[in-house]
Amino acid sequence: MKVAVVMGSDSDFPVIKKGLKILKDFNIEFEVFVISAHRTPKRAEQFAQSAHTKGFGVIIAAAGKAAHLAGVIAANTIIPVVGLPIKSSTLDGLDSLLSVVQMPKGIPVATVAIDGAENAALLAVQMLALSDKSLAAALYNHKAAMESEVAAKDKLIKAEVEKI
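Start counting at 1 in the sequence shown, then tack on 1381, and there's your number in my numbering.
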């Protein structure tokens, strides 16, 4: 299965790129789209309704300001949607976060932090790994590598403390 990454505006792309790198690192096929919940509502609805027939297993929907894209997509598909609120020029992205996370009963959207593209991608990988053993193994390796990295940093800090 592949991941659809939908952004409300091309200005969201610098944040999105960080998540795309994660998907590439895990060899996950993805497609990227610019679809606005407000400026292209019919296209958003059509995309969401046809996503399951195009082989998508997860949709990451990124948007700023009113950020209704994830909710519009989720309302029109059965595929899991990960909402990625984008920091906007106003309210530092809090407006985006609240728009994504405050979904009504029956329309769930998994939500990550403001500008949290890496976690959005990792959450998508985890969802796909539920039915892909090799992807699950890659995730275990990824977590082990993070653990080793933190242990190495701990050792370096302890050495610096000894110098004080």
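Idealized CB from N, CA, C, for every residue including glycine.
- Task: Keeping to the same chain, check which residues put their C-beta closer than 6 Å to that of R1424; ignore five residues upstream and five downstream.
- Result: Position 43 of the sequence shown, counting from 1, holds the residue named residue 1424. Result list for R1424: I1416, in chain order.
- Item | L1511, DSSP secondary structure in three states | Here the question's residue 1511 lines up with position 130 in the sequence shown. Coil, per DSSP.
- Message: Let's test the definition: count the other Cβ atoms within 10 Å of the Cβ of I1459 and tell me whether it reaches 16, buried, or not, exposed.
- Response: Numbered from 1 along the sequence shown, position 78 holds the residue referred to as residue 1459. Burial call: exposed.
- When you compare only the Cα positions, how much space is there between K1405 and V1396? As a working note, residue 1405 is residue 24 in the sequence shown. As a working note, residue 1396 is residue 15 in the sequence shown. Roughly 15 Å between the two C-alpha positions.
- Query: For L1475, which residues of its own chain have a beta-carbon under 8 Å away from its beta-carbon, when the five flanking residues on both sides are left out?
  - Reply: As a first step, residue 1475 is located in the sequence shown; it is residue number 94 there, counting from the start. Around L1475: I1495.
- Query: Does the beta-carbon of S1431 have 16 or more other beta-carbons within 10 angstroms, so that it is buried, or is it exposed?
  - Reply: Your numbering for residue 1431 matches position 50 in the sequence shown. Flag for S1431 reads exposed.
- Task: Please determine, among A1442, T1434, P1489 and K1539, the residue with the shortest C-alpha to C-alpha distance to L1465.
- Result: Position 84 of the sequence shown, counted from the start, is the residue given in the question as residue 1465. Checking every option, the nearest Cα to that of L1465 belongs to A1442.
- Query: What is the rounded straight-line gap between the Cα of A1501 and the Cα of P1422?
  - Reply: The residue labelled residue 1501 in the question sits at position 120 within the sequence shown. The residue labelled residue 1422 in the question sits at position 41 within the sequence shown. So the alpha carbons of these two residues sit roughly 23 Å apart.
- Message: Looking at the secondary structure, which residues open and close the alpha helix (DSSP H) in which F1428 lies?
- Response: Translated into the one-based positions of the sequence shown, residue 1428 becomes position 47. Element bounds for F1428: P1422 to S1431.
- Item | Contact set for I1454: own chain, Cβ-Cβ below 7 Å, skip 5 residues either direction | Taking the sequence shown and counting its residues from 1, the one referred to as residue 1454 is at position 73. Result list for I1454: V1387, A1425, A1429, I1440, A1442 and V1462, in chain order.
- Message: Going by beta-carbon coordinates alone, are F1407 and V1506 separated by less than 8 Å?
- Response: Sequence index remark: in the sequence shown, residue 1407 carries index 26 (1-based). Sequence index remark: in the sequence shown, residue 1506 carries index 125 (1-based). The answer is yes: Cβ separation under 8 Å.
- Under the three-state DSSP convention, the category T1458 falls into: Here residue 1458 corresponds to residue number 77 of the sequence shown, with the count starting at 1. Reduced to three states, the DSSP call for T1458 is coil.
- Give the secondary structure of I1416 by DSSP, where H, G and I count as helix, E and B as strand, and everything else as coil. Mapped onto the sequence shown, residue 1416 falls at position 35. Looking at I1416 - three-state DSSP - the assignment turns out to be coil, as it is neither helix nor strand.
- Item | Cβ-Cβ distance between V1490 and A1444 below 8 Å | By 1-based counting over the sequence shown, the position of residue 1490 is 109. By 1-based counting over the sequence shown, the position of residue 1444 is 63. Their beta carbons are not under 8 Å apart, which means V1490 does not touch A1444 by this criterion.
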